[in-house]
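J.: In my numbering, the protein residues as written are 1 to 299.
Glycine residues also receive a C-beta, built at the ideal position from the N, C-alpha and C atoms.
Sharing a structure below in structure tokens format, with a few things to ask.
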């Protein structure tokens, strides 16, 4: 049965090789992690810093973690394979790899080149002995590449080739409803969409056959927007009203301090995602605060 999930936590229609416990997952966003570490989006972050962030997130949550590795952090397939091995070693059991190419003439990698990169990622994942999901992002719509009249066909062709190279799912980021519905019918794999603020709700995408919903860096942007507004108000007008916190000091101290109530067999993970798991997956995770919030099952 197809279900919907959030990129930051939710359910996913797991392949037969996956463990049943892996159906609820969190996923990172490259932009959110980069910003949280003081770097611009687009692989400006050092790979070692990305891997370390994935390691911290995987250690903080009690559900499997998918890692957004952008284009793979490499110019050749072997380097993409190295990245996959590194994030799997850090605790990830899934990766998202996009086919955009800011340095290339066509803004997307040629299909054959991207297939070679995905095939290398697949071999590296299989060699790790972990049932790793490879989510292939197709950026034809996000980057408005090619003739609009043939964009859907181009996307289907890329998706089909990527699945043949070893991808498990397809992510047509930026595609509209009609294109997504056509893709769901055309490709024999789960389809992941990028949800927009105020757009179609989760249940609506589920009704269209979508298997997974990503929100990209939206939660990170929301968090930073709050800080930005408060700082501007204080600096430009001297107003302190926007500094009013939504969480009290005692609650924050409780989440940040030593945690006595560690999870046990008698205290299972609460049904549904925690706030900490949402934010950890979206790159806002920065400290022991989130690890404690996850262990506490707080919402």
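Note down the Cα distance separating residue 210 from residue 145, rounded to an integer number of angstroms.
T.: 23 Å
J.: Report the option in 212, 218, 207 and 103 whose CA atom is closest to the CA atom of residue 312.
T.: Beyond the ends of the chain as shown, which are 1 and 299, falls residue 312; an answer cannot be given.
J.: Is it right to say residue 262 is buried, meaning 16 or more other beta carbons lie within 10 angstroms of its own, or is it exposed?
T.: Because residue 262 carries a pLDDT of 39, less than 50, the predicted location of this residue cannot be relied on, and no value is offered for it.
J.: Tell me the DSSP secondary structure of residue 227 in three-state form.
T.: helix
J.: Compare the C-alpha of residue 98 against each of 186, 70 and 125 and name the closest.
T.: 70
J.: Can you tell me which of 125, 93 and 225 puts its alpha carbon nearest to the alpha carbon of residue 26?
T.: Residue 93 is the option with its Cα nearest to residue 26.
J.: Going by beta-carbon coordinates alone, are residue 28 and residue 67 separated by less than 7 Å?
T.: yes
J.: Are there three or more Cβ pairs, one per stretch, closer than 8 Å when the segment 220-229 is compared with the segment 173-193?
T.: For the pair of segments examined, the segment 220-229 was found not to touch the segment 173-193: the number of CB pairs separated by less than 8 Å stays below three.
J.: Counting pairs of Cβ atoms below 8 Å between the segment 41-54 and the segment 104-119, do you hit three or more?
T.: no
J.: Considering only residues of the segment 125-168, which uninterrupted beta strand (DSSP E) runs meet the minimum length of 3 residues and lie entirely inside it, listed in chain order?
T.: 133-137
J.: If contact is defined by three or more beta carbon pairs under 8 Å, each pair taking one atom from either stretch, is the segment 148-160 in contact with the segment 199-208?
T.: In short, these stretches do not touch, since the Cβ pair count stays below three.
J.: List the residues that DSSP assigns as beta-bridge partners of residue 214.
T.: 194
J.: Do you know offhand how far residue 133's Cα is from residue 53's?
T.: 19 Å
J.: Could you spell out the range, first to last residue, of the alpha helix (DSSP H) harbouring residue 83?
T.: Boundaries of the alpha helix (DSSP H) harbouring residue 83: 77-89, taken from the DSSP string.
J.: Within this structure, are the beta carbons of residue 81 and residue 51 separated by less than 7 Å?
T.: no
J.: I'd like to confirm the pairing. Which residues does DSSP put opposite residue 58 in its beta bridges?
T.: Paired residues: none, contrary to the question.
J.: Please decide whether residue 111 counts as near chain B, where near means a Cβ-Cβ distance under 7 Å.
T.: Among the chains in the structure shown there is no chain B, since it carries only a single protein chain.
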